[in-house]
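See structure below.
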Amino acid sequence: AQKITQTQPGMFVQEKEAVTLDCTYDTSDQSYGLFWYKQPSSGEMIFLIYQGSYDEQNATEGRYSLNFQKARKSANLVISASQLGDSAMYFCAMRELSNSGYALNFGKGTSLLVTP
Amino acid sequence: NAGVTQTPKFQVLKTGQSMTLQCAQDMNHEYMSWYRQDPGMGLRLIHYSVGAGITDQGEVPNGYNVSRSTTEDFPLRLLSAAPSQTSVYFCASSSRRRFGYEQYFGPGTRLTVT
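Residue numbers (our numbering), protein chains in the order written: chain A, 15 to 130; chain B, 135 to 248.
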């Protein structure tokens, strides 16, 4: 069963607007972590933001924030004031405490295109 | 710190050939992993290691071998390459000291099997 679901294969947003990228997850662990990574066309994986399952506040990192709704098992990424350089693939991922080695389960990604 | 390094960046193999993808990290991380990325599939875990001498299988281990003789190095071996192994391969490492510690990725190896 898919542990991370990203339902938006592609998204468009205009420069300076905010955009929300959806992510839902499935786990029976009480302890888990949720991550978002950005992959530009150059191919590297860039860490953006982390949310722990016990964190009461939503995580924020600059223009990135994570809208964490634990009961709904969702961890949406919000990018405020989009920039042209935000055009990239975005991956949601989960780490479960029961998963030895701290490896990540990834979603299939959302392609974001920021237009002028 | 160089972080996570991978060699080669690109490789073309013929079906049946074997090769080793190299991965090294200089952050003294205990945990290392190999992923493959295929179009429309996200990243899938091949093998991982929780320390020197300890490895285990991930989601898609068939056709690959790993070993971890040192903390720094975690090579991935393709035993007999098949076209289905055409993919981009990422090595990653993370520290066991913090559960929320991000996983650091190498730049990737783009492998084509003809």
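Virtual Cβ for every residue (Gly too), placed ideally from N, Cα, C.
Quick caveat, the model's predicted, so the values are computed rather than measured.
Chain B places no beta carbon closer than 8 Å to that of G99 of chain A, leaving this residue out of the contacts. Here G57 of chain A carries a coil assignment [DSSP, helix/strand/coil]. Between L118 of chain A and chain B, the shortest Cβ-Cβ separation is below 8 Å.
Annotation: Y223 of chain B has no Cβ neighbours in chain A at a cutoff of 7 Å; minimum Cβ distance is about 11 Å. Within chain B, no C-beta atom comes nearer than 7 Å to that of E29 of chain A; the closest sits roughly 27 Å away. Look at Y78 of chain A: its C-beta is not under 8 Å from any C-beta on chain B.
Between A136 of chain B and C157 of chain B, the alpha-carbon positions lie close to 12 Å from each other. Residue state for G176 of chain B is assigned as strand, using DSSP reduced to three classes.
Taking C-beta atoms under 8 Å as the contact rule, F49 of chain A and A102 of chain A fail to qualify, at a distance of about 15 Å. When the Cα atoms are used, D172 of chain B and M153 of chain B turn out to be separated by approximately 19 Å. For D100 of chain A, the three-state secondary structure derived from DSSP is helix. Per DSSP, E236 of chain B has no beta-bridge partner at all. Beta-bridge analysis with DSSP links S183 of chain B to B:M166, B:T189. In terms of beta-carbon proximity, R170 of chain B stays away from the interface with chain A, with every pair separated by 8 Å or more. Only residues of its own chain outside the window of five on either side were considered, and among them G197, L212, L245, V247 have a CB closer than 7 Å to the CB of Q219 of chain B, listed in chain order. Under a criterion of Cβ atoms nearer than 9 Å, no residue of chain B is adjacent to K84 of chain A; the nearest Cβ is some 16 Å distant.
Within the same chain, I180, H181, L210, C225 come within 6 Å of W168 of chain B by CB-CB distance, once the 5 residues on both sides are set aside.
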